[in-house]
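Worksheet: the structure to be examined is printed underneath.
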Amino acid sequence: MKAIFKRELQSYFTSMIGCVFVAFMVAITGVYFMVYNLNYGYPYFSYTLQGIVFVFLIAIPILTMRCFSEERKNKTDQLLLTSQVKIYEVVLGKFFSMAAVFLIPVLIYCFFPLIIKLQGEAHFLVDYSSILAFFLLGCVYISIGMFLSALTESQIIAAISTFGVLLILYLANGLTNFLPTTAIGNLIGLIFILTVIVLIIFRITKNWFLSVVLECAGIAAALITYLVKSSLFESLLSNWLGKLYLTSVLDNFSTNYLFDISGLVYYLSVIFVFVFLTIQTLQKRRWS
Amino acid sequence: MIEVKHLVKKYGNHLAVDDLSFTIEPGQIYGFLGPNGAGKSTTMNIMTGYLGATEGQVLINGHDILEEPEAAKACVGYLPEQPPLYLDMTTREYLEFVAGLKKIKKAEREKEIQKVLDLVKLTDMQHRLIKNLSKGYRQRVGLAQAVLGFPEIIILDEPTVGLDPKQIIEIRELIRDLAEKHTVILSSHILAEVQEICDYIMIISHGKLVASDTPDNLEQLVQGAETLRITAKAGKETTATLLSKVDGITSVDYLAGDGKTTSVCITAPQSDTLCEDLFFAFADARCALTQLTTTRISLEDVFLELTQQDAPAEADDSENADTSDAENISANIDEKTSDYVSSDFDVSKDSMDLAADTEEVDENESNI
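In order, the protein sequence lines correspond to chains D and B. Mind the numbering: the first sequence is residues 1 to 288 in the numbering used here, read in order. Mind the numbering: the second sequence is residues 289 to 656 in the numbering used here, read in order.
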């Protein structure tokens, strides 16, 4: 794991991607910091952090796109997978190296509250806990990008799909308002989602019987629940989508001044899930 | 020692490796021979744990590659078809990285890397970026990577592809040096290469092991058989009568005839006198032989025969073929050489051709 971590980190800085990423993150933050904190005199750096979450949409895909797709394209994954290193070590080595690259701008952010302090009042506790949440949010996005990169051979597809997923996550909060709130509307939406999932299962398993049984069972369960207690369905989909809005945890830190431990655990579990999925993807590829 | 048991690999409906079993004994050079797409690389990828097999088992020094991958992979150095190089690293950085992957102790790393750099003659290039190296040097870096740490078994997938003749010779010498202390398995679709360096050849075709033996034995398998093609200035019946007088002919195959001349393909056990017997039989009857060609079967023919069974029906034959069954193989060879002759394509002409030509001339003279 150490060898892979070292190599990846080195390669990020010989290929310029690492430098560009750090420069981009710091530059955008610098602009927002100047406007919000220095010009308008707002004493919370956390507010700036909340404002620059959109930068992840562009920066994270650049960082993660090459991590597995490039290996696969250059067939260097043969070296990693035929060496004595376990697959989880490969995945973790890569994940930590990307997190380490991301840690550089985050460490630079740690100076910003000090600059605010020089100008007068500063709120270190809020600011530094927000920086922690910001770092973990970035790591969540990195794990998503890493997973998508493991799915494809093309860096471009990896980058664009990561961008798409991050965009949906970013917009999730706003989109919830457009979902139906009535029970019947949510029931229909649920059945639609169920059908899509069943179609995916069918594509993977090629098993007609299983798919039809799943679809019928799902519809029956949904209908019975609807008849028994239709209030359960009210705003169901918007609640679900709202849960996808990962930034809400950062909002708790930065605007509500809450140290949201459950939120941090949520971030860590999402990271764990995607690291796990990446490992499974690599395992599965050997068998297909 | 590697044991491969009933290996099967399917890609969708395509059967890449079909029930492959063999054992690799330590201290020898093994050659996987087969045409493109025969399943050589797939087999090697499964043996090194890069791919999972659909069925079957690979044991490396008693460790199952799937159940104890670390222990099994520790015994193997692998150079895949395309060397797995990180182009943005220097040779030395790359080898340091590989040493890390192979868990070579820090204290020994420097020494080990220097050893392989000397071995593949890359010491001058160690501080160059790999992307600036030529194909031959890149291949050497790949080889250095496989050899690093000197694992017991070294598996090389087409190690000489894309190299110039001088580099090929160097790499061959290197492989021979390595074989003194290691088991080397290499794959190739070039027969001469395998024939020259390997102690043991395994011919793979359509994912099946169709023959495995030492180069000498493989050649001996077919030495019993010989094919002669003659064209005589005689009708079919005359030719048949004359041929029936010659001893030692196994089978006769009439290829073409227009009443005046007849072309015949004769299969017979190898003998020194058959050519002469045929010549005199026809000369005594005052029938001119306008052509007398012998085709001796070489290892190349064994290879072509064993690997060119495209039709599934024919492939079924080889399924039953016991690889050590000499008769079976030479029977196949007979079939194949007659194919070649009928398509007017002489696989290998040897000095006998010349002899035949001279005899023709003699005969023409005697006709005059």
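For glycine and all other residues, C-beta sits at the position ideal for the given N, C-alpha and C. Here the structure is a predicted model, which means the values were calculated and not measured.
With a cutoff of 9 Å on beta-carbon distance, Tyr338/B and Leu81/D are scored as near each other. Considered as a whole, the segment 527–590 of chain B harbours 562–572 as its complete alpha helix (DSSP H) runs of no fewer than 4 residues, in chain order. Beta-bridge partners assigned by DSSP to Asp376/B: none are found. In terms of Cβ geometry, Lys2/D and Gly93/D form a close pair [threshold 9 Å]. Ser143/D sits away from Val53/D, with the two beta carbons spaced by 9 Å or more. Within the segment 65–141 of chain D, the runs of alpha helix (DSSP H) that reach at least 4 residues and sit entirely inside it are, in chain order, 66–73, 77–82, 87–109 and 111–119. In the structure shown, Met25/D adopts helical secondary structure according to DSSP, grouped into three states. With 16 or more neighbouring CB atoms inside 10 Å of its own CB, Thr176/D falls in the buried class.
Taking 9 Å as the cut-off, the Cβ atoms of Glu234/D and Ala183/D count as close.
Among the residues of the segment 344–370 of chain B, those with a Cβ less than 7 Å away from any Cβ of chain D are Glu358, Lys361, Ala362, Tyr366, Pro368 and Gln370, in the order of the chain. Judged by DSSP secondary structure, Glu343/B falls within the beta strand (DSSP E) whose first and last residues are Glu343 to Ile348. Among the residues facing chain D, Asp376/B is included, as its CB has a counterpart in that chain under 9 Å away. Just so you know, the alpha carbons of Arg286/D and Gly340/B end up roughly 5 Å apart. About 14 Å separates the beta carbons of Thr14/D and Leu373/B, which is beyond the 8 Å limit, so they are not a contact pair.
Ala432/B and Tyr366/B do not touch by the CB rule: their CB atoms are close to 13 Å apart, not below 8 Å. Chain D has no Cβ within less than 9 Å of the Cβ of Tyr425/B. The C-beta distance from Ser476/B to Gly319/B rounds to 6 Å, short enough to fall under 8 Å. Pro453/B counts as exposed, since fewer than 16 other C-beta atoms from the protein chains shown sit within 10 angstroms of its C-beta. Around the beta carbon of Leu223/D, fewer than 16 other beta carbons sit within 10 angstroms, so the residue counts as exposed. When only Cα atoms are considered, Gly30/D and Pro43/D end up about 15 Å apart. The distance from the Cβ of Glu440/B to that of His470/B is about 6 Å, consistent with a contact at the 8 Å cut-off.
The alpha-carbon of Gly536/B is positioned some 15 Å away from that of Phe568/B. Around Glu8/D, the same chain offers Cys67, Gly93, Lys94, Ser97 and Met98 as residues with beta carbons nearer than 8 Å, after the five sequence neighbours per side are excluded.
Relative to the Cα of Asp307/B, the nearest Cα in the group Leu321/B, Thr331/B, Gly322/B and Thr336/B belongs to Thr331/B.
Of all alpha-carbon atoms in Glu89/D, Gly218/D and Asn252/D, the one lying nearest the alpha-carbon of Leu49/D is that of Asn252/D.
Runs of the beta strand (DSSP E) spanning 3 or more residues and lying entirely within the segment 473–523 of chain B occur at 488–493, 496–501 and 513–520, in chain order. Contact check between the segment 458–468 of chain B and the segment 347–360 of chain B: fewer than three CB pairs, one atom from each, fall below 8 Å, which does not count as touching. For the set Ala122/D, Val106/D, Pro105/D and Leu107/D, the Cα lying nearest the Cα of Pro113/D is the one of Ala122/D. As the crow flies, the alpha-carbon of Gly523/B is around 6 Å from that of Thr550/B.
Within the segment 74–93 of chain D, those residues whose Cβ lies closer than 8 Å to any Cβ of chain B are, in chain order, Asn74, Lys75, Thr76, Asp77, Gln78, Leu79, Leu80, Leu81, Thr82, Ser83, Gln84, Val85 and Lys86.
For the pair Phe570/B and Glu291/B, the Cα-to-Cα distance works out to about 56 Å. Gly547/B and Glu564/B have their C-alpha atoms spaced approximately 25 Å apart. Rounded to the nearest whole angstrom, the C-alpha separation of Phe272/D and Phe135/D is 15 Å.
Around Ala3/D, the beta-carbon contacts reaching into chain B at under 7 Å are Phe385, Gly388 and Leu389.
With its beta carbon at least 9 Å from every one in chain B, Thr281/D lies outside the interface. In this structure, the beta-carbon distance from Ala556/B to Glu514/B falls below 9 Å.
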